[in-house]
Amino acid sequence: MVSALVLGLGVHHMRLSKAFDAGIEFAARSVLRFGVALLGAGITIQQIAALGLTASALAVSGVGLTLACGVFVAKLLKADRDAGFIYGGAVAICGASAAMAISSALPDTERNRATTALAVVGVTVLSTIAMLLYPMVSHALGMDEQSAGVFFGAAIHDVAQVVGAGYMVSDTAGETATIVKLIRVACLVPVVACVGWIALRQNDGASEAFGNDQKRPAILPWFLVGFLALSVIASADLLSQNALQGMSAAAKALLVAAIAALGCKTSIASLVRIGAKPVLMLSVPTLCLAVFVVGALLVAPSQF
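Quick note on the working numbering: the sequence shown kicks off at 27 and runs consecutively.
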């Protein structure tokens, strides 16, 4: 995703014909939403149930805490609330995918596009650092394989880095981390719905605040309905594993295309104008989430 974003930012400064505008807009909005919908194919009720109530509650409460932290830090830094939602959501849920999904529910402004682009880069860097650092932290704290997996799944941002950190420790840690992470990904639906509802109230439902859309956006957009529907289909075992894996692969490809299009719409100058605030707005929620998860694991290790 970072490579696609960088390529898109480079294309922004080329003198493209206006004939490309419609395709770039389609990729940045519609293709993104199709990609988010297809993410549902990778989440089943059985996976969540197998983990247990305590670990599931830890993952979900961590999402809520991190989102609140993101909005709070944005307020302290006198940044707009939309930035708090995008940065906080990226850390809380599933990295770059969450940043783009949340951004799609917010007004399509130059500032929000720049914020999303920075969130994609920043959260990927932090995820990679966490993938290398958190296994050492878990070892230093004497966590067993199960607890380490819960820690990685509940505290690392991007799915790929969660899997990488887990399997660095063991197969058990890797499998546990993946399931915990999927619970956080499932939180994307209520979070985007809530952010969309807040954005509508803040803008009095004015359609012009949401870019080229000419009608009032739905509180529960179609792509979130698709996400839920595919999750139910996967849980009911109505499709083959090959089909579900194909949908998950397609989701990644569509999200890469969408982030490239976002780069095409974003100027580097707009990124520079945002300044150093994104570092704090990503780092503070990241630290808050890690401390919360580690604290819970150390206080009640037998519950996980």
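All C-beta atoms in this analysis are idealised placements derived from N, C-alpha and C, irrespective of residue type, glycine included.
Predicted, not measured: the structure shown is a model, and the values here were computed from it.
Quiz item: Which of helix, strand or coil does DSSP assign to residue 134?
Solution: Position 108 of the sequence shown holds residue 134. Judged by DSSP in its simplified three-state form, residue 134 adopts coil rather than helix or strand.
Exercise. Report buried or exposed for residue 200, applying the criterion of at least 16 other Cβ atoms within 10 angstroms of its Cβ.
Key: Within the sequence shown, numbered from 1, the residue matching residue 200 stands at position 174. When all chains shown are included, residue 200 counts as buried.
Exercise. Compare the C-beta of residue 134 with all C-beta atoms of chain D and state if any pair is closer than 9 Å.
Key: Of the protein chains in this structure there is only one, and it is not chain D.
Practice problem: Could you tell me if the beta carbon of residue 282 falls within a distance shorter than 8 Å of some heavy atom in the ligand ZN? | Solution: No copy of the ligand ZN occurs in the structure displayed, which carries no ligand at all.
Exercise. Using the Cα positions of residue 235 and residue 197, report the straight-line distance between them to the nearest angstrom.
Key: Within the sequence shown, numbered from 1, the residue matching residue 235 stands at position 209. Within the sequence shown, numbered from 1, the residue matching residue 197 stands at position 171. Only weak support is given to the placement of residue 235: the predicted model assigns it a pLDDT of 47, under 50, and the value that follows is read from those uncertain coordinates. If you take the alpha carbons of residue 235 and residue 197, they lie about 47 Å apart.
Quiz item: Is residue 240 helix, strand or coil when you go by DSSP?
Solution: Here residue 240 refers to the residue found at position 214 when the sequence shown is read from its first residue. Because the pLDDT at residue 240 is just 41, under 50, the model does not fix this residue reliably, and the value given afterwards should be weighed accordingly. Three-state result, residue 240: coil.
Exercise. For residue 267, count neighbouring Cβ atoms within 10 angstroms of its own Cβ and tell me buried if that reaches 16, exposed if not.
Key: Taking the sequence shown and counting its residues from 1, the one referred to as residue 267 is at position 241. Per the 10 Å Cβ criterion, exposed.
Quiz item: Looking at residue 277 and residue 62, is the spacing between their C-beta atoms short of 9 Å?
Solution: The count along the sequence shown starts at 1 and reaches residue 62 at position 36. The count along the sequence shown starts at 1 and reaches residue 277 at position 251. In this structure, residue 62 lies near residue 277, with their beta-carbon atoms less than 9 Å apart.
Self-check item: Residue environment, residue 273, which counts as buried when at least 16 other CB atoms sit within 10 Å
Solution: In the sequence shown, the residue the question calls residue 273 occupies position 247. The residue in question, residue 273, is buried, as its Cβ has 16 or more Cβ neighbours within 10 Å.
Self-check item: 6 Å CB neighbourhood of residue 209 in its chain, flanking five on each side removed
Solution: As a first step, residue 209 must be located in the sequence shown, where it is residue number 183. Excluding residues within five positions, the ones whose Cβ falls inside 6 Å are 74, 82, 85.
Quiz item: Does the beta-carbon of residue 275 have 16 or more other beta-carbons within 10 angstroms, so that it is buried, or is it exposed?
Solution: For the purposes of this step, residue 275 is taken as the residue at position 249 of the sequence shown. Under this definition residue 275 is an exposed residue.
Self-check item: DSSP state of residue 326 mapped onto helix, strand, coil
Solution: Against the sequence shown, residue 326 aligns to sequence position 300. The answer is coil: DSSP assigns residue 326 none of H, G, I, E or B.
Quiz prompt | residue 213 - DSSP class collapsed to helix/strand/coil | solution = Looking up residue 213 in the sequence shown gives position 187. It is coil, neither helix nor strand.
Quiz item: Can you list, in chain order, the stretches of the alpha helix (DSSP H) that have 4 or more residues and sit fully within the region 85-109?
Solution: Here no run is fully enclosed.
Practice problem: Just mark residue 132 as buried or exposed, buried being the case when its beta carbon has 16 or more other beta carbons within 10 Å. | Solution: On the sequence shown, residue 132 is found 106 positions in, with the first residue counted as 1. When all chains shown are included, residue 132 counts as buried.
Self-check item: Closest residue to residue 31 among 48, 54, 110 (Cα-Cα distance)
Solution: As a working mapping, residue 31 is identified with position 5 in the sequence shown. With distances taken between CA atoms, residue 31 lies nearest to 54 out of 48, 54, 110.
Exercise. Hey, could you find the ends of the alpha helix (DSSP H) residue 71 is sitting in?
Key: By 1-based counting over the sequence shown, the position of residue 71 is 45. Under the DSSP assignment, residue 71 falls in the alpha helix (DSSP H) whose first and last residues are 71-77.
Quiz item: Expressed to the nearest angstrom, what Euclidean distance is found between the alpha-carbon atoms of residue 325 and residue 290?
Solution: The sequence position of residue 325 within the sequence shown is 299, counting from 1. The sequence position of residue 290 within the sequence shown is 264, counting from 1. Answer to the nearest angstrom: the Cα atoms are 47 Å apart.
Exercise. Give the single residue among 319, 317, 287, 311 whose Cα lies nearest to the Cα of residue 33.
Key: Residue 33 sits at position 7 when you count from the first residue of the sequence shown. Nearest C-alpha to residue 33 among 319, 317, 287, 311: 287.
Quiz item: If you draw a straight line from the alpha carbon of residue 160 to that of residue 271, how long is it in whole angstroms?
Solution: Sequence index remark: in the sequence shown, residue 160 carries index 134 (1-based). Sequence index remark: in the sequence shown, residue 271 carries index 245 (1-based). Near 28 Å, if we compare the C-alpha coordinates of residue 271 and residue 160.
Quiz item: For residue 227, does the count of other Cβ atoms within 10 angstroms reach 16, so buried, or fall short, so exposed?
Solution: If you number the sequence shown from 1, residue 227 lands on position 201. Residue 227 counts as exposed, since fewer than 16 other beta carbons sit within 10 angstroms of its beta carbon.
Self-check item: Nearest-angstrom Cα separation, counted from residue 147 out to residue 262
Solution: Taking the sequence shown and counting its residues from 1, one reaches residue 262 at position 236. Taking the sequence shown and counting its residues from 1, one reaches residue 147 at position 121. Roughly 36 Å separates the two Cα atoms.
Exercise. Confirm, please, whether the CB-CB distance from residue 58 to residue 214 is below 9 Å.
Key: Mapped onto the sequence shown, residue 214 falls at position 188. Mapped onto the sequence shown, residue 58 falls at position 32. The beta carbons of residue 214 and residue 58 sit no closer together than 9 Å.
Exercise. Starting from residue 180, follow the alpha helix (DSSP H) in both directions and report where the run begins and ends.
Key: If you number the sequence shown from 1, residue 180 lands on position 154. Element bounds for residue 180: 171-181.
Quiz item: Going by beta carbon distance, what residues of the same chain come within less than 7 Å of residue 306, once the five residues before and after it are set aside?
Solution: Sequence index remark: in the sequence shown, residue 306 carries index 280 (1-based). Counting only residues of its own chain and dropping the five nearest sequence neighbours on each side, residue 306 has a CB closer than 7 Å to the CB of 99, 103.
Quiz item: Can you find at least 3 beta carbon pairs, one from the region 178-196 and one from the region 149-157, that sit closer than 8 Å?
Solution: The answer is yes - the region 149-157 touches the region 178-196, with three or more Cβ pairs under 8 Å.
Quiz item: By the 10 Å Cβ neighbour count, where 16 or more other Cβ atoms means buried, how is residue 207 classified, buried or exposed?
Solution: Here residue 207 refers to the residue found at position 181 when the sequence shown is read from its first residue. Flag for residue 207 reads buried.
Quiz prompt | Alpha-carbon to alpha-carbon, residue 114 and residue 385 | solution = Residue 385 lies beyond the residue range present for the chain, which begins at 27 and ends at 330; the question has no answer from this structure.
Quiz item: Do you know how far the Cα of residue 165 is from the Cα of residue 195?
Solution: Within the sequence shown, residue 195 is the residue found at index 169, counting from 1. Within the sequence shown, residue 165 is the residue found at index 139, counting from 1. Taking the straight line from one Cα to the other gives about 9 Å.
Practice problem: Please go through the same chain and pick out, in chain order, the residues whose beta-carbon is closer than 7 Å to the beta-carbon of residue 329, but skip the five residues on each side of it. | Solution: Along the sequence shown, read from residue 1 onward, the residue named residue 329 stands at position 303. Residues of the same chain with a CB within less than 7 Å of the CB of residue 329, apart from the 5 flanking positions on each side, are 80 in chain order.
Self-check item: Under the three-state DSSP convention, the category residue 116 falls into
Solution: Here residue 116 refers to the residue found at position 90 when the sequence shown is read from its first residue. Helix, per DSSP.
Quiz item: Thinking C-alpha only, which one of 223, 173, 217 is nearest residue 205?
Solution: Sequence index remark: in the sequence shown, residue 205 carries index 179 (1-based). Residue 173 is the option with its Cα nearest to residue 205.
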